[in-house]
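Whatever position you read off the sequence shown (first residue = 1), add 3 for our numbering.
Note that the Cβ used here is the ideal one computed from N, Cα and C, for glycine as well.
Since the model is a prediction, treat every value here as computed from it, not as a measurement.
Okay, so here's the structure we're looking at.
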Amino acid sequence: MNSENSFGYDYDLLKNDPTTVLLKQGNQQVLVVGKYQARVMTSSSQGDEGFSYGWINHELIKSGKLGPHMNAFGGEERFWLGPEGGQFSVYFKQGDPFIFEHWQTPEIIDTETYPLVKSDKQKALFHKDFEITNYSGTKFKVSLDREVALLNQAEAENLLQVSLDGISWVGYQTDNVLKNTGDDWSKSTGVLSIWLLGMMKASDQNTILIPYQKGQEAAINAAYFGQIPAERLIKKDGMLYFKADANSRGKLGIPPKALIPLAASYDAANHILTILQFDYQGEQEYVNSMWEIQENPYQGDALNAYNDGKNDTGTQMGKFYELESSSPAIALAHGQSLRHVQRTFHLEGSEEQLDQVCQKLLGIKLADLPWK
4 MNSENSFGYD YDLLKNDPTT VLLKQGNQQV LVVGKYQARV MTSSSQGDEG FSYGWINHEL
64 IKSGKLGPHM NAFGGEERFW LGPEGGQFSV YFKQGDPFIF EHWQTPEIID TETYPLVKSD
124 KQKALFHKDF EITNYSGTKF KVSLDREVAL LNQAEAENLL QVSLDGISWV GYQTDNVLKN
184 TGDDWSKSTG VLSIWLLGMM KASDQNTILI PYQKGQEAAI NAAYFGQIPA ERLIKKDGML
244 YFKADANSRG KLGIPPKALI PLAASYDAAN HILTILQFDY QGEQEYVNSM WEIQENPYQG
304 DALNAYNDGK NDTGTQMGKF YELESSSPAI ALAHGQSLRH VQRTFHLEGS EEQLDQVCQK
364 LLGIKLADLP WK
């Protein structure tokens, strides 16, 4: 019998779905489900018995029911679209107030199936054509190609520039290409951006780690759902330490001028170091997702982190935290494409082994983390 934290437990829930794809090399496994927008539901570095890194909402999936606002199926990397708020939002209808009651995730990134084009043990390619309208009434006609691929050790070590010998690990990459198949886009009427979000399991000893450009502390947005309390967010020597225990709702936004294109988290209870890498082409404009009519709709974030907790209705989605990256805001002409690649790595080992990786990648010691 698989434990509730095991990959096998999650795989048992989803293995009979005809859109489920299992990527596998040795003990490394990545579970992708077309029915849930080709999202990576979870992964493991130690086979079916290994820890399942993604947070999955078993109760909601088993119910077979769909709810309002957003169906929080879970999954450690899903494809979404930006912006979330503002006059170019695709989550609010024209004229509606920017409050939770009126927030609605579009069906195309919430409930629709993305058809599988082809797959083997190492990668799976999905394709979807769709149309969507923003708050200002601008209609977009687009196609999406999303490829999920397992990384081998040589690729992973080259990308991370560290040795993974003796460490239990899994790494995968998603390559997302959004093509404008309709009218030319204009920034004056809004554009779409690729937004990739990962729901991971929270723990009381879990810390999100985000390096930033020193001297740019003031540019970091810590007030999405009210200011994050000082005891939950520490800014020190170019590093953000954000408590990821799913006990207090809060969101961080890192704009391009403060960005170092890397994020991580360390779960000291389970000795798991998670690393997020993503494509970054230097300072460009990013969509703004603040829930308000915006003066600066293209002064948004390239990287976000979220800790779940009770929302303003007193309910909570689940015991998870999120690491998220976005593509720039680009006005695509008809036939042009936008591409965003993100890589997720999970490393398990002794604290000494993971500390060496953490020091090399982030320049900090695990022993110095505030919540352990």
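Put simply, of 271, 191, 259 and 283 the residue whose alpha carbon is nearest the alpha carbon of residue 302 is 259. Bridge pairing for residue 269: 210 and 276 [DSSP].
A straight line joining the alpha-carbon of residue 17 with that of residue 189 spans about 41 Å. Leaving aside the five residues that flank residue 126 on each side, the residues in its chain whose CB is nearer than 8 Å to its CB run, in chain order, 26, 150, 151, 152 and 153.
The continuous beta strand (DSSP E) containing residue 351 extends over residues 340 to 351. DSSP places residue 14 inside the alpha helix (DSSP H), whose first and last residues are 10 to 17.
Take residue 336, set aside five residues on each side of it, and the residues of its chain with a beta-carbon closer than 8 Å to its own are 183, 187 and 188, in chain order.
If the five residues before and after residue 272 are omitted, its C-beta is found closer than 6 Å to the C-beta atoms of 206 and 208, all from its own chain and listed in chain order. Per DSSP, the continuous alpha helix (DSSP H) segment holding residue 363 begins and ends at 354 to 365.
Collapsing the DSSP output to three states places residue 246 in a strand. Looking only at 132, 199, 19 and 138, the smallest Cα-Cα distance to residue 145 is reached by 132. Per DSSP, reduced to three states, the secondary structure at residue 65 is helical.
By the Cβ criterion, the segment 330 to 348 is in contact with the segment 276 to 293, since at least three pairs of Cβ atoms, one from each stretch, lie closer than 8 Å.
Of the candidates 262, 276 and 261, 276 places its Cα closest to the Cα of residue 268. Here the alpha carbons of residue 55 and residue 170 stand approximately 16 Å from one another.
Within the same chain, Cβ atoms closer than 6 Å to the Cβ of residue 227 are found at 254, the five residues on either side in sequence being excluded. In the displayed model, residue 324 falls within a strand according to three-state DSSP. Relative to the Cα of residue 92, the nearest Cα in the group 130, 135, 48 and 59 belongs to 135. Contact between residue 32 and residue 47 is confirmed by a C-beta separation of about 5 Å, below the 8 Å threshold. The count of Cβ pairs closer than 8 Å, one atom from the segment 363 to 371 and one from the segment 287 to 303, stays below three, leaving the stretches out of contact.
Collapsing the DSSP output to three states places residue 183 in a strand. Shown here, residue 134 sits in a strand according to DSSP, grouped into three states.
Around the C-beta of residue 7, fewer than 16 other C-beta atoms lie within 10 Å, and the residue is accordingly described as exposed. Where residue 25 is concerned, the enclosing beta strand (DSSP E) starts and stops at 23 to 28. Residue pairing by DSSP places residue 308 opposite 255 and 326 in a beta bridge.
Taken in chain order, the whole beta strand (DSSP E) runs of length 3 or more contained in the segment 102 to 178 are 119 to 122, 126 to 136 and 142 to 153. Around the CB of residue 103, fewer than 16 other CB atoms lie within 10 Å, so the residue is classed as exposed.
For the pair residue 289 and residue 334, the CB atoms are not nearer than the 8 Å cut-off.
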